[in-house]
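Shown next, in structure tokens, is the structure this report addresses.
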Amino acid sequence: MENGPLGTQKEAFENAKSLATQARNAYKEILSSFKEILALIKTLEK
864 MENGPLGTQK EAFENAKSLA TQARNAYKEI LSSFKEILAL IKTLEK
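The sequence shown begins at 864 in my numbering and counts up by one.
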């Protein structure tokens, strides 16, 4: 397996893209959980 500078850059870019996607998904999950918690609090306040 040949690993020139371009190959390494491409791999790094793909890894960064993958991490960005994971971060975005985690953010969406956190936001969703936060909304659920808020809804639960509102329910309990009644």
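Just so it is clear, CB atoms sit at the ideal spot from N, CA and C, and this is done for glycine as well.
Range covered by the alpha helix (DSSP H) that runs through lysine 898: Its alpha helix (DSSP H) spans residues 868-908.
Cβ-based neighbour list, phenylalanine 876, same chain, cut-off 6 Å, excluding 5 preceding and 5 following: The answer is none, since no qualifying residue turns up.
Cα-Cα separation, lysine 902 to lysine 909: Correcting the residue identity first, residue 902 is alanine in this sequence and not lysine. Between alanine 902 and lysine 909, the C-alpha separation is close to 11 Å.
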